[in-house]
Amino acid sequence: MVVLHAAIPSGIVLPLRGAAEKCFAAVDPIHQALVSPAGASYRFSPFSHSVLLKALLEFGIDSHEDLVAPLSTEGLSDLLTDAMGEPVTCRLEESWVRKRFAPRNARSPYQPNVWHQDGGLGVAFGTEPDAALKMTKLLTCWVPLHPCGRNSPGLEFVRRGPESLVHYTELDDVMLRQRYSADQFWSPELQAGDIVVFLARSVHRTYVTPDMMEDRLSVEYRFFPSQC
Numbered sequence: 001m002v003v004l005h006a007a008i009p010s011g012i013v014l015p016l017r018g019a020a021e022k023c024f025a026a027v028d029p030i031h032q033a034l035v036s037p038a039g040a041s042y043r044f045s046p047f048s049h050s051v052l053l054k055a056l057l058e059f060g061i062d063s064h065e066d067l068v069a070p071l072s073t074e075g076l077s078d079l080l081t082d083a084m085g086e087p088v089t090c091r092l093e094e095s096w097v098r099k100r101f102a103p104r105n106a107r108s109p110y111q112p113n114v115w116h117q118d119g120g121l122g123v124a125f126g127t128e129p130d131a132a133l134k135m136t137k138l139l140t141c142w143v144p145l146h147p148c149g150r151n152s153p154g155l156e157f158v159r160r161g162p163e164s165l166v167h168y169t170e171l172d173d174v175m176l177r178q179r180y181s182a183d184q185f186w187s188p189e190l191q192a193g194d195i196v197v198f199l200a201r202s203v204h205r206t207y208v209t210p211d212m213m214e215d216r217l218s219v220e221y222r223f224f225p226s227q228c
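Take the sequence shown: its letters are residues 1 to 228, numbered as in my numbering.
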C-alpha cells in the first residue's frame, strides 16, 4: 500500500463530496434503491451502501473530466504503471462511491466490508479452498472524502499479507489474527483528499470501532492492464 497525503486539492474533493451526499440522500429508505433522476441503474447495493461512480454525474458532477479529476494528481499515473508493471486503464464500470456508517447510524441490511482482496473480483470461488484460483489483475486507488480512521470508518490492512488469492473462508478475522502478529494490522488515519493505492492481493476491510460517531464517504477507482 502507498499513501499520498494531501494529494487532491479541496476544489476537487468538495464537489465530489457534495455530489455523493446528494446521491445517497436519493436512496429510497423503504425499497433500498437509488432513485435516479434519469431512471438509470447504477448497481446500488444496500448491503455495502455503494453505487457506481458514474451516478455522480446525475447529482452535481458536470463532466467525465470532473469525475476523474483526482487521477490527474502529479505522479499518480507513473506510480500506477510501476505498480502494475505495464500501462493501466481506469474502468468506470468497476469504480465506486461508497458510504460507510458509524455504528450508531447503521441500519439493516447495511454491513461494513469484511476482510477481502480486490483481486477476487470476477473470480468463481467454490465452497472449498482451491490453490489454483487465479487472481484478477488490478489496482485500487481509494480516496476518502472525509477524515477517517478515528471518528469515522476507514480502512484496515494486513501489511504483509499473502502473495496470492486466498479463499474467502480463510479470511476470517480470528484466523488472520492467529496467522499474523498484531503489528501487521494497520488502520491509517486519513484526511479528505489523501490517496491510498493498493494491490489486488492486499487483504483489507472496513475499519470501524464502536465509539465512532461520524459517517464517511469515499470514492475508488479501479485500474486494469490497458491490454486486457
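The beta carbon of each residue, even a glycine, is placed where N, CA and C say it ideally should be. Note that the structure is a prediction, hence the values are computed from the model and not measured.
Exclusion of the five residues before and after T169 leaves P129 as the residues of its chain whose Cβ lies within less than 7 Å of its Cβ. V13 is a Cβ neighbour of G193, given a cutoff of 7 Å. About 6 Å separates the CB atoms of W142 and S218; that is less than 8 Å, so the two are in contact. By the criterion of at least three beta-carbon pairs nearer than 8 Å, the segment 61 to 76 is not in contact with the segment 101 to 120.
Fully enclosed beta strand (DSSP E) runs of no fewer than 3 residues occupy 154 to 158, 195 to 199, 203 to 207 of the segment 147 to 217, in order along the chain. In the pairwise beta carbon analysis, the segment 15 to 26 is classified as touching the segment 43 to 60: at least three pairs are separated by under 8 Å. Taken atom to atom, the span from the alpha-carbon of D82 to that of Q117 is near 20 Å. The C-alpha of V2 lies about 6 Å from the C-alpha of V196. With contact defined as three or more Cβ pairs closer than 8 Å, the segment 220 to 227 and the segment 136 to 156 are in contact. Contact check for P109 and G149: beta-carbon distance about 25 Å, past the 8 Å limit, so the pair fails to qualify. DSSP places D78 within a helical segment (H, G or I) once states are collapsed to three.
Excluding five sequence positions before and after S50, the CB atoms of its chain that fall closer than 6 Å to its own CB belong to W96, R98, given in chain order.
Residue pairing by DSSP places F223 opposite C90, L139 in a beta bridge. Residue state for V114 is assigned as coil, using DSSP reduced to three classes.
If you check the CB distance, Q111 and F47 come in under 7 Å. Looking at the DSSP output, A33 sits in a beta bridge with D28. V13 carries a helical assignment under DSSP once its states are collapsed to helix, strand and coil.
Within the model, the alpha-carbon separation for E93 versus P70 is close to 17 Å.
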